[in-house]
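Working notes, beginning with the structure itself.
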Ligand SMILES: Nc1ncnc2c1ncn2[C@@H]1O[C@H](COP(=O)(O)OP(=O)(O)O)[C@@H](O)[C@H]1O
Ligand SMILES: [Mg+2]
């Protein structure tokens, strides 16, 4: 089961009305169940658009050739509601996502929709609100919250429903590093606990470098995909696309310029520090 693809995207092209260039230009990729995928690419490269296609908010230009499959269901008019039940998306702009009059109502909404019994809801809602550090705001109006607080509430709403797939579309961009790490830890825990599949669209290169798989997009095209070490070691490509390079890869590059070769097995800041410490102690 571990190698089964939970998402299969094939030959998808999509153009917004009244625009010439396709926002998504013949994209294909697969995502394995229970893995963490980071999608990176500069603004306007089509990252949010591909997400809207995955849950059927947008429909490909080329239905004959294109196919989108989620958890064994081919996306079409009949399956779209089942698929939306499996995929929890935290959109880029949380303002468009609120439906409840209070934070608690809002987090409860997705559970109500799924027919979760009231006694269970009374347990799950405060747990989810607590997990994102918003317990003090349980009865606040979502519109009165700051951008970062809105992001936390939107994430609580998704955590509560325990979907099979979570998609975070720059969902922690307004949080400080500490708040962001806390949310990422919760999602990592869910991945471990019940095999959640995670797609995270992020500009946080250090977060992306921890993913199982990285997809690089540029101008509606999928430029590259691979393990984070395969992608982030291509510092020249990333720079050419105007993307950040993780700090430890920059250090590796600088060391190489000074003829200190770092083995391919060193793929994180921690491993790099260990390697350098040993290098020194061997002298
Ligand atoms: N509603 C829309 N109408 C027309 N063009 C859009 C719309 N949304 C996005 N686009 C265009 O589609 C392209 C991809 O956008 P988007 O998927 O939002 O990129 P990203 O999420 O990578 O920043 C961009 O050129 C953007 O201007
Ligand atoms: Mg976007």
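In the working numbering, the protein residues as written are 1 to 283.
Where is the CB? At the ideal position from N, CA and C, for every residue including glycine.
Here the structure is a predicted model, which means the values were calculated and not measured.
Length of the line joining the Cα atoms of residue i and residue j
i: residue 28; j: residue 48; result: 15 Å
i: residue 2; j: residue 187; result: For residue 2, the predicted structure reports a pLDDT of 46, less than 50, and the residue's modelled location is therefore unreliable. A value from the coordinates is still provided. Rounded to whole angstroms, residue 2 to residue 187 spans 19 Å at the Cα level.
i: residue 191; j: residue 132; result: 16 Å
i: residue 19; j: residue 63; result: 19 Å
i: residue 243; j: residue 120; result: 44 Å
i: residue 226; j: residue 4; result: 17 Å
i: residue 89; j: residue 239; result: 29 Å
i: residue 207; j: residue 274; result: 20 Å
i: residue 95; j: residue 151; result: 9 Å
i: residue 276; j: residue 108; result: 50 Å
i: residue 247; j: residue 44; result: 24 Å
i: residue 123; j: residue 129; result: 11 Å
i: residue 148; j: residue 175; result: 5 Å
i: residue 59; j: residue 50; result: 10 Å
i: residue 10; j: residue 69; result: 9 Å
i: residue 40; j: residue 31; result: 15 Å
i: residue 220; j: residue 22; result: 7 Å
i: residue 35; j: residue 211; result: 8 Å
i: residue 214; j: residue 135; result: 34 Å
i: residue 216; j: residue 12; result: 16 Å
i: residue 204; j: residue 82; result: 31 Å
i: residue 140; j: residue 103; result: 6 Å
i: residue 230; j: residue 154; result: 32 Å
Host alpha helix (DSSP H) of residue i (start-end)
i: residue 98; result: Residue 98 -> no alpha helix (DSSP H), and no H or E assigned at all.
i: residue 26; result: Run containing residue 26: none in the alpha helix (DSSP H); it sits in the beta strand (DSSP E), 24-32.
i: residue 49; result: 47-54
i: residue 148; result: 147-161
Residue i CB to nearest heavy atom of ligand 2 below 6 Å
i: residue 47; result: yes
i: residue 97; result: no
i: residue 151; result: no
i: residue 92; result: yes
Start-to-end residues for the beta strand (DSSP E) that takes in residue i
i: residue 234; result: Note, residue 234: premise wrong, no beta strand (DSSP E); not H, not E.
i: residue 14; result: 5-14
i: residue 128; result: Here residue 128 belongs to no beta strand (DSSP E); instead the alpha helix (DSSP H) covers 118-131.
i: residue 313; result: No statement about residue 313 is possible, as the shown extent of the chain runs from 1 to 283 and does not include it.
i: residue 199; result: 197-201
i: residue 213; result: 213-218
i: residue 68; result: 67-70
i: residue 279; result: Per DSSP, residue 279 belongs to no beta strand (DSSP E); it is in the alpha helix (DSSP H), 269-281.
i: residue 226; result: 221-226
i: residue 244; result: Taken as a continuous stretch (DSSP letters only), residue 244 belongs to no beta strand (DSSP E), as it is neither H nor E.
Residue i beta carbon near ligand 1 (any heavy atom closer than 6 Å)
i: residue 23; result: yes
i: residue 194; result: no
i: residue 148; result: no
i: residue 305; result: Missing from the structure shown is residue 305; the chain here goes from 1 to 283 and no further.
i: residue 137; result: no
i: residue 35; result: no
i: residue 236; result: no
i: residue 19; result: yes
Any C-beta of chain B under 7 Å from that of residue i
i: residue 178; result: No chain B is present in this structure, which holds just one protein chain.
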